[in-house]
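S.K.: Quick note on numbering: the sequence shown equals residues 39 to 260 in my numbering.
Built from N, CA and C at the ideal position, the CB exists for glycine as well.
No experiment lies behind these values; they were computed from the predicted model shown.
Sharing a structure, written as structure tokens. Questions coming.
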Amino acid sequence: AVLFRVFLDADADVTVDLSYASQLSYLIVNGDAAADIWLHNNPAARYGVDMTVNNANVTVHGTYGDDRVQLTSQADLAAAQGHFYLNNGNDSLLWGGNADGGANHVGWIFSADGGDGHDILSANLIVKMTSTLDLFGVRISTVSSNAANFSHFEQIDMAGYIGQAEATLTQIGWNGYSTKALATSAHVFDYGVLSGNATVEGTDGGTVVQSRAAQALGREGL
């Protein structure tokens, strides 16, 4: 007998060794614990695993084949702490987003590395926030993003993108201090968060300071 399809209920922070299951093709992950999952890693096995992930806290070590990971609406990405190391092959990490008339929210330590090959990452996983300070008429803006948490994904998948930036403006002047949320355009993805040239939306940003830019991400475009 061989393991071909596995339903895994990750209810404890333990290591799950599936590296021996060289015929594994389908994996469904449930639960909410931070299990550490190792898939078959035989360089001679050049086929990947189709994964449906309902638990975004797991760590997954991929195969030498083409792994396809679908994060579902059941996975709590807003508080996600998972990591996906997809190894060799032409892999994909996709997610439909959790925005409800606003921006997507993804846990700030959630990360993924596509490894070697031609790999695809859902644009919904990349979030952007801008904070503008107006100090007596002089403005400076900080652009924050989780883009640097992702690497070696050559292409960004825009299919089904529902996100947008979150922006605030803080004004300090002779009349006092105030902070307000700014309106930004829905379904607009700023490629500048990948290249280091992000823009400020919703207001005149003045001098722009950007957080650490992504490495080896989206170099083949959208």
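Can you tell me the Cα-Cα spacing of aspartate 74 and valine 54, whole angstroms?
M.R.: For the purposes of this step, residue 74 is taken as residue 36 along the sequence shown, with counting starting at 1. For the purposes of this step, residue 54 is taken as residue 16 along the sequence shown, with counting starting at 1. Distance between the alpha carbons of aspartate 74 and valine 54 is about 6 Å.
S.K.: Which residue from Ala83, Gln108, Ala71 and Gly145 puts its Cα closest to that of leucine 65?
M.R.: Residue numbering aside, residue 65 sits at position 27 when the sequence shown is read from its first letter. It is Gln108.
S.K.: Among Ser169, Phe148 and Gly198, which has the Cα closest to the Cα of glycine 184?
M.R.: The residue given as residue 184 occupies position 146 in the sequence shown. The sequence shown places asparagine at residue 184, not glycine. Selected option, being the one with the closest Cα: Phe148.
S.K.: Start and end of the alpha helix (DSSP H) containing glycine 230?
M.R.: On the sequence shown, position 192 is the one that residue 230 refers to. 230-233 is the span of the alpha helix (DSSP H), which, as asked, contains glycine 230.
S.K.: Is it the case that the stretch 118-132 contacts the stretch 91-105, given that we only count it when at least three CB pairs across the two stretches are under 8 Å?
M.R.: With a cut-off of 8 Å, the stretch 118-132 and the stretch 91-105 count as touching, because enough Cβ pairs lie within range.
S.K.: Jot down the residue ranges of each uninterrupted beta strand (DSSP E) in the stretch 83-108, minimum 3 residues, whole runs only, in chain order.
M.R.: Here the runs fully enclosed are 88-91 and 97-99.
S.K.: In chain order, which beta strand (DSSP E) runs of at least 3 residues are fully inside the stretch 172-232?
M.R.: 176-183, 188-191, 193-195, 204-211 and 214-220
S.K.: For valine 44, report the span of its beta strand (DSSP E) as first-last.
M.R.: Indexing the sequence shown from 1 puts residue 44 at position 6. Following the DSSP letters along the chain, one finds valine 44 inside the beta strand (DSSP E) bounded by residues 43-48.
S.K.: Which same chain residues, not among the five before or five after glycine 153, have their C-beta less than 8 Å away from its C-beta?
M.R.: To locate residue 153, count along the sequence shown from 1; it is residue 115. If we look at glycine 153 and ignore the five residues flanking it on each side, its Cβ neighbours are Gly100, Tyr123, Leu124, Asn125, Asn126, Gly127, Asp129 and His190.
S.K.: Using only the alpha-carbon positions, how far apart do isoleucine 210 and tryptophan 76 sit?
M.R.: Along the sequence shown, read from residue 1 onward, the residue named residue 210 stands at position 172. Along the sequence shown, read from residue 1 onward, the residue named residue 76 stands at position 38. Distance between the alpha carbons of isoleucine 210 and tryptophan 76: 52 Å.
S.K.: The beta strand (DSSP E) with asparagine 68 in it runs from where to where?
M.R.: Against the sequence shown, residue 68 aligns to sequence position 30. Run containing asparagine 68: 64-69, per the beta strand (DSSP E) assignment.
S.K.: Would you kindly check if the distance between the Cβ of isoleucine 194 and the Cβ of asparagine 162 is under 8 Å?
M.R.: Here residue 162 is taken as the residue at index 124 of the sequence shown, counted from 1. Here residue 194 is taken as the residue at index 156 of the sequence shown, counted from 1. No, Cβ-Cβ distance for asparagine 162 and isoleucine 194 is not below 8 Å.
S.K.: State the start and end residues of the unbroken beta strand (DSSP E) segment that holds serine 130.
M.R.: Here residue 130 refers to the residue found at position 92 when the sequence shown is read from its first residue. Unbroken beta strand (DSSP E) run through serine 130: 130-133.
S.K.: Hey, would you say aspartate 242 sits closer than 8 Å to alanine 236, going by beta carbons?
M.R.: Residue 242 sits at position 204 when you count from the first residue of the sequence shown. Residue 236 sits at position 198 when you count from the first residue of the sequence shown. Not in contact: aspartate 242 and alanine 236 (Cβ atoms no closer than 8 Å).
S.K.: Grab the span of the beta strand (DSSP E) containing threonine 237 for me, first residue to last.
M.R.: Taking the first residue of the sequence shown as 1, we reach residue 237 at position 199. Element bounds for threonine 237: n/a, residue is neither H nor E.
S.K.: To the nearest angstrom, how far is it from the Cα of valine 231 to the Cα of arginine 84?
M.R.: In the sequence shown, residue 231 corresponds to position 193, counting from 1. In the sequence shown, residue 84 corresponds to position 46, counting from 1. If I take the Cα positions, the gap works out to 33 Å.
S.K.: Can you check whether the CB of alanine 59 is closer than 8 Å to the CB of leucine 46?
M.R.: Translated into the one-based positions of the sequence shown, residue 46 becomes position 8. Translated into the one-based positions of the sequence shown, residue 59 becomes position 21. For leucine 46 and alanine 59, no; Cβs fall outside 8 Å.
S.K.: Among the residues of its own chain, which have a CB less than 7 Å from the CB of glutamine 119, if the five just before and after it don't count?
M.R.: As a position in the sequence shown, residue 119 is number 81, starting the count at 1. Hits under 7 Å: Ala72, Asn95, Gly145, Ile147 and Phe148.
S.K.: Identify which residue in Asn79, Asn80, Gly69 and Arg43 has its Cα closest to the Cα of asparagine 92.
M.R.: Here residue 92 corresponds to residue number 54 of the sequence shown, with the count starting at 1. Here the closest residue by C-alpha is Gly69.
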